[in-house]
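In the UniProt record's numbering, the protein residues as written are 1 to 145. Beta carbons: idealized from backbone N, C-alpha and C, even for Gly. None of these values were measured; they are calculated from a predicted model.
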């Protein structure tokens, strides 16, 4: 009895599809899950740099200059990051400003645990948690006056 070639190939397309789909899904999930933390980190860097730049414009001879510099910096960061949705749990307590000895430092410490409400973290055997992120996303800008 002679069997034809197409009958021997039954199911091969399904197996090939599964292999290609797994690779495609892994690449797609990696792009999506890492793009949000990278976007946040870039936004934090931009916001802290903008806060320092705006603080330079204040008159150093004004009354209460150190407090004004810190308030301006914190307000600038807060205004720059208004686009972040409430689900991300970003708040003003994660912004730190200091003005000591003429050095203005603006820092954001955002715990990545807040992202678990937005991004599904997957635990893969042998690899661990994906995406693998640090405990906090941190951005700092400083300027010597």
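Using CA atoms only, rank isn't needed, just tell me which of 90, 48, 116, 75 is closest to residue 33. 116
Along the beta strand (DSSP E) that carries residue 139, what are the first and last residues, could you check? 136-144
Is there contact here, the segment 134-141 with the segment 98-107, by at least three beta-carbon pairs under 8 Å? yes
Does the Cβ of residue 129 have 16 or more other Cβ atoms within 10 Å, making it buried, or fewer, making it exposed? Here residue 129 is exposed: its Cβ has fewer than 16 other Cβ atoms, across all protein chains shown, within 10 Å.
Residue 20 - containing alpha helix (DSSP H), residue span: 12-56
Does the Cβ of residue 45 lie closer than 7 Å to at least one heavy atom of the ligand NAD? Judged by which ligands are present, the structure shown has none, so any question about the ligand NAD falls away.
So, using beta-carbon positions, are residue 149 and residue 97 closer together than 8 Å? Beyond the ends of the chain as shown, which are 1 and 145, falls residue 149; an answer cannot be given.
Just curious, the beta strand (DSSP E) that residue 118 is in, first and last residue? That residue, residue 118, is in no beta strand (DSSP E); it is neither H nor E in DSSP.
Output needed for residue 99: all residues of its chain with C-beta closer than 6 Å, excluding positions within five of it in sequence on either side, in chain order. For residue 99, where only same-chain residues beyond five positions count, the Cβ hits under 6 Å are 66, 69, 70.
Buried versus exposed call for residue 95 [16 or more other C-beta atoms within 10 Å across all chains shown]: buried
Do you know offhand how far residue 11's Cα is from residue 21's? 15 Å
Would you mind working out which of 113, 145, 122, 39 sits nearest residue 134, comparing C-alpha positions? 113
At the 8 Å Cβ level, is residue 113 part of the contact set with chain B, yes or no? In the structure shown, chain B does not exist; there is a single protein chain.
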